[in-house]
Amino acid sequence: MSTIAFDLDGTLIDSVEHIHAAVSAGLSDLGLAPITHDDTRSFVGHGLPPLIEKVLGHLEEPAARHAELSARVMTHYTAIPNDPASVYPGVPAVLETLSAAGHRLTICTNKPREAAMAALRDTGLLPYFNLVIGGDSLSTRKPDPAPLFAAISGDQAIFVGDSEVDAGTAKAANLPFALFTEGYRKSPVSEIPHAASFAHFRTLPEIVTDLMP
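In this text, residue positions in the sequence shown follow our numbering: the first is 552, and each later residue adds one.
Structure follows, in structure tokens:
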């Protein structure tokens, strides 16, 4: 069986607004200064613990506040509904096409699994996926390849993502990488290793056909 593993934030859903709302609410709970939407976007990609580290560093707050801010942000993150409109154009139709073609679809994200499951449920994407590997599912996170290996279970596979972290994960796992160019990458497309790139999901089935081992 062939598996297509997907990143979540910046790949299937544009989640910055949701993340920013949760971080802002958590900071407010603790009486800390706010951060901007652009700040939040620049901190996304490595999962919740590094995001909180970057927020605290940006605000020049002590690292000792990490646990309490993480807890508050997660409370808001799971309580605030994810907007179905945050799904990138064409995603549901393509997931339907790929699933109907016999591919096993999975998620490999650095987002905590509970939050990833909530996002998939809220946006209506959960039924398409056989397995969800979150940033806290294992003892390591991307770009370590272990979460991606867990998501593909030894199958013939490709990885679809949007960032330098995802590209590094695919490289470490020795898997073909399809880069969605409209997500949260911080580098030019030409500087991110990839086997194929795309700006709209309608082109992904053809890419899968070309890249699947």
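Yeah, the Cβ is synthetic: ideal placement off N, Cα and C, and Gly gets one too.
Sub-7 Å separation of Val716 and Lys693 beta-carbons:
Yes. Within cutoff.
Buried or exposed by the 16-neighbour rule on C-beta atoms within 10 Å, applied to Val759
Val759 comes out buried.
I'd like the list of long-range same chain contacts for Leu649, defined as Cβ closer than 7 Å, with 5 residues on each side in sequence excluded.
If we look at Leu649 and ignore the five residues flanking it on each side, its Cβ neighbours are Ile555, Leu656, Pro756, Val759.
Under the three-state DSSP convention, the category Val638 falls into
Strand at Val638.
Would the beta-carbon of Asp565 be found less than 6 Å away from any heavy atom of the ligand HEM?
Among the components of this structure there are no ligands whatsoever, and the ligand HEM is therefore not found.
Go ahead and pull the three-state DSSP assignment for Leu631.
Residue identity differs from the one stated: residue 631 is Ile in this sequence, not Leu. If DSSP states are grouped into helix, strand and coil, Ile631 belongs with coil.
Sufficient close CB pairs (3 or more, under 8 Å) joining the region 634 to 643 to the region 657 to 666:
Two segments are said to touch when three or more pairs of C-beta atoms, one from each, lie closer than 8 Å; by this definition the region 634 to 643 does not touch the region 657 to 666.
Keeping to the same chain, check which residues put their C-beta closer than 8 Å to that of Pro585; ignore five residues upstream and five downstream.
So the qualifying residues of the chain are Ser575, Leu578, Ser579.
Would you decide whether Ser714 is buried or exposed? Buried here means 16 or more other CB atoms lie within 10 Å of its CB.
By the neighbour-count criterion, in which 16 or more other beta carbons inside 10 Å mark a residue as buried, Ser714 falls on the buried side.
Let me know the alpha helix (DSSP H) ranges lying completely inside the region 575 to 616, each 4 residues or longer, listed in chain order.
Fully enclosed alpha helix (DSSP H) runs of 4 or longer: 588 to 594, 599 to 609.
Starting from Thr754 and walking both ways along the alpha helix (DSSP H), at which residues does that stretch end?
Careful: Thr754 lies outside any alpha helix (DSSP H) and carries neither H nor E.
Which listed residue (Ile564, Leu730, Tyr735) has its alpha carbon closest to that of Ser741
Nearest C-alpha to Ser741: Leu730.
In three-state terms, what does DSSP make of Phe710?
Note: Phe710 maps to strand in three-state DSSP.
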